[in-house]
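Under numbering that gives the first Met the number 0, the first residue of the sequence shown is numbered 0, with each subsequent residue one higher. Note that beta-carbon positions come from the ideal geometry of N, C-alpha and C, so glycine has one too. Working notes for the structure below.
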Amino acid sequence: MTSCCCPIWISMLRKEKWMDHVPGAVSPMIAAGRVVKRLHPEALTVFIGPCLAKKAEAREADVADAVDYVLTFQEVNDLFEAAKIDPKTLPERGRDHSSRAGRIYARTGGVSEAVTKTVRQLRSDGKSIQVKAEQADGVSDCRKLLERFRKGDSDANFLEGMGCKGGCVGGPKAMLSAKQGTEYVNEYGNAAKVKTPLENPYVMQLMKELGFDTVEALLEDETLFTRNFGKEFSDN
């Protein structure tokens, strides 16, 4: 199984005809956009990040319902400068409801850690799948990882691919270096009050607002977080 967050990684898997190994889940951007649209159908959704590829992902036909506009950090910075707004002078608005697993997605290895811990929590009887993950960041390293796996030189059962060095923090429109971004992500992750979404009371409340009484019911729903990569593979 592979990660499915990075559009560059997905494009590489699509080219290599490996889409049947991609889990049937949308990216965090699409998931967040759909949640907002489900709860507030009239809302305009805007994703802001360091990634240019997200602009193309948001327009893909099967997920185009989620996000109306995608802006990069640098584009938002330009808007602030034009409006003479300095974010550093504005008061902080604390947000302590996200889990460590969600906060560390932005750096290499974060997805693997989140998946490993959440899978372990899904089965409390000790019979959960043992996730053995391997990561690659940057297009060149992603290619090497896929080649190694094709040759049978990797015994991993979960491959995490990030198109940018360092992960999303190394995106082309980031305002910080990948190293500094990783440090901030780790600091933010370590400050989280809960480790995974399954421990997060805000997530449980959000599930109920979306109409799901259990995690199992959410996983069975095919309208919100599901993306049928397997069908795409068979169609190709």
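6 Å CB neighbourhood of Phe232 in its chain, flanking five on each side removed: Confidence at Phe232 is low in this model, with a pLDDT of 45, below 50, so the placement of that residue is unreliable and no value is reported for it.
Inter-stretch contact at 8 Å, needing at least 3 Cβ pairs: the segment 132-146 / the segment 102-114: yes
Distance, Lys150 Cα to Gly93 Cα: 48 Å
Residues of its chain near Glu15, where Cβ-Cβ distance is below 7 Å and the 5 sequence neighbours each way are ignored: Same-chain partners within the cutoff: Leu145.
The segment 26-41 touching the segment 182-195, judged by at least three CB pairs closer than 8 Å: no
Delimiting residues of the beta strand (DSSP E) encompassing Gly169: Taken as a continuous stretch (DSSP letters only), Gly169 belongs to no beta strand (DSSP E), as it is neither H nor E.
Nearest to Leu70 (by Cα), restricted to the options Lys164, Lys54, Ala60 and Gly137: For Leu70, the closest of Lys164, Lys54, Ala60 and Gly137 by C-alpha to C-alpha distance is Lys54.
Spatial distance of Val138 from Gly169 (CA atoms): 12 Å
Those residues which DSSP pairs with Gly160 across a bridge: Ala135
The alpha helix (DSSP H) enclosing Tyr183, as first and last residue numbers: Ala177 to Asn189
Buried or exposed by the 16-neighbour rule on C-beta atoms within 10 Å, applied to Tyr104: buried
Status (buried if at least 16 other CB within 10 Å, exposed otherwise) for Phe79: Per the 10 Å Cβ criterion, exposed.
For Asp124 and Ser176, the rounded distance between their alpha carbons: In this structure, the alpha-carbon of Ser176 lies about 42 Å from that of Asp124.
C-alpha gap between Ala63 and Ala57, whole angstroms: 5 Å
Run of the alpha helix (DSSP H) containing Gly108, from where it starts to where it stops: It is not in any alpha helix (DSSP H) - Gly108 carries neither H nor E in the DSSP assignment.
Buried versus exposed call for Glu215 [16 or more other C-beta atoms within 10 Å across all chains shown]: exposed
DSSP bridge partner residues for Ala24 (one or two, in chain order): Looking at the DSSP output, Ala24 sits in a beta bridge with Thr225.
Enclosing beta strand (DSSP E) for Leu70 [first to last residue]: Tyr68 to Thr71
Burial state of Thr181, where buried means 16 or more other Cβ atoms lie within 10 Å: buried
Rounded separation between Asp85 and Asp77 - CA only: Their Cα atoms are separated by approximately 11 Å.
Endpoints, the alpha helix (DSSP H) within which Val214 is located: In the DSSP annotation of this structure, the continuous segment of the alpha helix (DSSP H) that includes Val214 starts and ends at Val214 to Glu219.
Val66 vs Thr44 beta-carbon contact at 8 Å: yes
Unbroken alpha helix (DSSP H) run spanning Val202, endpoints: Pro200 to Glu208
Thr1 (DSSP reduced to helix, strand or coil): DSSP places Thr1 in strand when its eight states are reduced to three.
Beta-ladder partner(s) of Phe148, from DSSP: Partner(s): none; Phe148 has no beta bridge.
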